[in-house]
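Engineer:
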Amino acid sequence: MGVLRSLFTGKPDPIVEAATSKSLQPVFAGVDIDPGTLYGVQTLDEAMLWMQGIRRITRREAMTVPAVSKARNLIAGGLGQLPLRLHDQNNEVVDWSLLSQPEAGESSITTWTNVIDDLLFSKYSYLRVTHLGWHGKPAEVIRLDPESVTYRPDLHVYRTATGSGTAGEWKPDDQIIRIEGPNDPLLVAGARAIRALGRLEAAGLNAAEGVPPMDWFSPADGVDPYNLDDPDDQAEVRAILDAWKQARQERSTAYVPGALKYNTNSFNPEQLQLVQAREMAIGEIARLTGIDSDDLGLNTTSRVYFNAQDRRRAFLDFVVGPYMRAIESRLSMPDVTPRGYTVRFDTADFAKADDLTSAQTDEILVRSGVMDINEIRERRGLAPLSTPKSSTPALPAPVPEEALR
Numbered sequence: 450m451g452v453l454r455s456l457f458t459g460k461p462d463p464i465v466e467a468a469t470s471k472s473l474q475p476v477f478a479g480v481d482i483d484p485g486t487l488y489g490v491q492t493l494d495e496a497m498l499w500m501q502g503i504r505r506i507t508r509r510e511a512m513t514v515p516a517v518s519k520a521r522n523l524i525a526g527g528l529g530q531l532p533l534r535l536h537d538q539n540n541e542v543v544d545w546s547l548l549s550q551p552e553a554g555e556s557s558i559t560t561w562t563n564v565i566d567d568l569l570f571s572k573y574s575y576l577r578v579t580h581l582g583w584h585g586k587p588a589e590v591i592r593l594d595p596e597s598v599t600y601r602p603d604l605h606v607y608r609t610a611t612g613s614g615t616a617g618e619w620k621p622d623d624q625i626i627r628i629e630g631p632n633d634p635l636l637v638a639g640a641r642a643i644r645a646l647g648r649l650e651a652a653g654l655n656a657a658e659g660v661p662p663m664d665w666f667s668p669a670d671g672v673d674p675y676n677l678d679d680p681d682d683q684a685e686v687r688a689i690l691d692a693w694k695q696a697r698q699e700r701s702t703a704y705v706p707g708a709l710k711y712n713t714n715s716f717n718p719e720q721l722q723l724v725q726a727r728e729m730a731i732g733e734i735a736r737l738t739g740i741d742s743d744d745l746g747l748n749t750t751s752r753v754y755f756n757a758q759d760r761r762r763a764f765l766d767f768v769v770g771p772y773m774r775a776i777e778s779r780l781s782m783p784d785v786t787p788r789g790y791t792v793r794f795d796t797a798d799f800a801k802a803d804d805l806t807s808a809q810t811d812e813i814l815v816r817s818g819v820m821d822i823n824e825i826r827e828r829r830g831l832a833p834l835s836t837p838k839s840s841t842p843a844l845p846a847p848v849p850e851e852a853l854r
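The sequence shown lines up with residues 450 to 854 when you count with my numbering.
1) When you compare only the Cα positions, how much space is there between T579 and V590?
2) So, for A640: in the same chain, excluding its five sequence neighbours on each side, which residues have a beta-carbon less than 7 Å away from its beta-carbon?
3) Measure the C-alpha to C-alpha separation of P515 and A730 and round it to an integer number of angstroms.
4) What residue range does the beta strand (DSSP E) around P587 cover?
5) Take A856 as the anchor and find which of P674, I626, R736 and Y575 has the nearest alpha-carbon.
6) Please report the straight-line C-alpha distance between Y711 and P668, rounded to a whole angstrom.
7) By Cβ distance below 8 Å, which residues in the same chain neighbour D759 in space, the five residues on each side in sequence not counted?
8) Residues in the same chain with beta-carbon distance under 8 Å from I689, minus the five sequence neighbours each way, listed in chain order, please.
9) What span of residues does the alpha helix (DSSP H) with F570 cover, start to end?
10) Give me, in chain order, the residues of the same chain whose beta-carbon lies closer than 7 Å to that of A553; leave out the 5 immediate sequence neighbours on both sides.
11) Out of L814, D798, N540 and D821, which one is the CA nearest neighbour of G527?
12) Please list the terminal residues of the continuous beta strand (DSSP E) segment that includes R627.
13) So what's S518 in DSSP terms, helix, strand or just coil?
14) Identify every residue that forms a DSSP beta bridge with Y575.
15) Starting from the C-beta of K572, find all residues in its chain whose C-beta is less than 6 Å away, skip the five residues before and the five after it, and write them out in chain order.
16) Which residues mark the beginning and the end of the alpha helix (DSSP H) in which L780 is found?
17) With C-beta atoms as the reference, is I628 less than 8 Å away from A775?
18) On the three-state DSSP scale, how would you describe F764?
19) Identify the continuous beta strand (DSSP E) that holds V815 and give its terminal residues.
20) Since I740 and L523 should fall inside the 8 Å C-beta cutoff, what is the C-beta to C-beta distance between them, to a whole number of angstroms?
21) Just grab the DSSP bridge partners of F794 for me.
22) I need the DSSP call for L548, collapsed to helix, strand or coil.
23) With distance defined between alpha-carbon atoms, name the residue in I558, G582, D743 and S549 nearest to G520.
24) Work out the CA separation of G732 and E650 for me, nearest whole Å.
25) Rank V542, K586 and S546 by C-alpha distance to the C-alpha of T786 and give the top, closest one.
26) Helix or strand or just coil, what does DSSP make of V686?
27) Please classify F767: is it buried, with 16 or more other beta-carbons within 10 angstroms of its beta-carbon, or exposed?
28) Give a yes or no on contact between the segment 553-571 and the segment 526-543, applying the rule of three or more CB pairs nearer than 8 Å.
29) Which same chain residues end up closer than 8 Å to L834 when comparing Cβ atoms and leaving out the 5 residues on each side of it in sequence?
30) Let me know the secondary structure DSSP gives L581 once reduced to three states.
31) In the structure shown, what three-state DSSP assignment does L834 receive?
32) In the structure shown, what three-state DSSP assignment does V637 receive?
33) Tell me the rounded alpha-carbon separation between R648 and A808.
34) Within the continuous alpha helix (DSSP H) that includes M405, where are the two ends?
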């Protein structure tokens, strides 16, 4: 049948065509950039959560919540400001353009802050390689929006800039640097907590504007109620409600028709426990991100004493540490940097002690021979000394004999 189809129609046999096309497909994994999502989800696990009523929250919606915005700025901004260094086999720092300026026209802090933002909210960050250096390694990249990228093993790499849900541009794997975060995406794991806190913020705003939590109209005494089955009554009721809504939005006194009675409950924000509910929701955001609740504006009384250096070290170890290791290990792979070289964040300035403690530590390191003076000066950002200063005074120049006569 396939031969007859080809003879009479001039079209190839679809079975042979499918088999041929399948044999020509690449065997490596790929990234489908903007492949289209199923009901707003991007993976099967998210689809199962969506079917259970746990809907993924959007990043824009999450960033409208002050506690989430503060947590994001602390994690992404705090880690993004730390410089990335490339170390060789001798632990010497080597200049590497991909780390100092990954994107053209963008500062390194902007790029790496956005990468950490992707890991926090979406679990994955994608960098598309645009230029290679003389060494054959990536020298310049472009960060891709993770919401438009779906990773699917054993398939191709596609990219579409419009977000229309159709795959338009195929890219091989060696042009994509995929960084996987250590934790579940905050937009999924914290969807309920973030959405609850957003609603509490809206309820508090309504209370500040004088909008009651619940109000309704009922027919006044001795007045026949409206017949909602009558189109004329429906239009009149709709007009009354629209006028009431517009007046409340303009913060002016609304008029209540004589045929209606305005009813409202008498609960105030304290009785509704808005403050307690808001503090509980902020505490949930702190637990999700690992940030101290005090940093999100929630006062607690069960704190043990920590100085600034201890808090910074705890922040590096338990909050941003997993994201640091994810980025360092991925950028240290041989497809990004030369084999044997490692990428590490420079945390010396962030976790440094006070001036007195630092000076005492430097003195001990120099006296014990671990570091010399120039190494100490380099660590402090000072220029090295060309010749060490002598502790003995210089001898005076000899005086000519004629001057003594």
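Using N, Cα and C, we set each Cβ at its ideal position, and we do this for glycine too.
Structural biologist: Looking at the coordinates:
1) In a straight line, the C-alpha of T579 is about 5 Å away from that of V590.
2) Excluding sequence positions up to five before and after A640, its CB lies within less than 7 Å of the CB of I503, R504, R505 and I506, all in the same chain and listed in chain order.
3) C-alpha separation (whole angstroms): 12 Å.
4) Looking at the DSSP string, the run of the beta strand (DSSP E) that includes P587 is P587 to L593.
5) For the chain, the structure presents residues 450 to 854; residue 856 sits outside this window and is missing.
6) Taking C-alpha positions only, Y711 is separated from P668 by approximately 9 Å.
7) Cβ neighbours of D759 beyond the five flanking positions: none.
8) Within its own chain, the residues whose Cβ lies closer than 8 Å to the Cβ of I689, once the five positions on either side in sequence are excluded, are F666, P706 and L709, listed in chain order.
9) F570: member of the alpha helix (DSSP H) spanning S557 to S571, first to last residue.
10) Closer than 7 Å at the Cβ level, and outside the excluded window around A553, lie E589.
11) Out of L814, D798, N540 and D821, D798 has the C-alpha closest to the C-alpha of G527.
12) R627 -> beta strand (DSSP E) spans I625 to E629.
13) Helix, per DSSP.
14) Paired residue(s): L593 and R627.
15) Hits under 6 Å: G630 and P634.
16) Run containing L780: G770 to L780, per the alpha helix (DSSP H) assignment.
17) Contact flag set, yes.
18) F764 falls in the helix class under three-state DSSP.
19) Per DSSP, V815 lies in no beta strand (DSSP E); the unbroken alpha helix (DSSP H) holding it starts and ends at D804 to R816.
20) Right, the Cβ-Cβ distance comes to about 6 Å (below 8 Å), so this counts as a contact.
21) DSSP, once it has assigned bridges, lists L533 as partnering F794.
22) L548 sits in a helix when the DSSP states are folded into three classes.
23) The amino acid at residue 520 is misidentified as Gly; the sequence shows Ala. Distance check between A520 and each of I558, G582, D743 and S549 places D743 closest, using alpha-carbon atoms only.
24) In a straight line, the C-alpha of E650 is about 14 Å away from that of G732.
25) For T786, the nearest C-alpha among the options comes from K586.
26) Reduced to three states, the DSSP call for V686 is helix.
27) In this structure F767 is exposed. Its beta-carbon is surrounded by fewer than 16 other beta-carbon atoms within 10 angstroms.
28) Contact between the segment 553-571 and the segment 526-543 is present: 3 or more CB-CB pairs across the two stretches fall below 8 Å.
29) Around L834: I822, N823 and R826.
30) Note: L581 maps to strand in three-state DSSP.
31) Here L834 sits in coil by DSSP.
32) Helix at V637.
33) So the two alpha carbons sit approximately 51 Å from each other.
34) Because the chain is modelled from 450 through 854, residue 405 falls outside the range shown and cannot be assessed.
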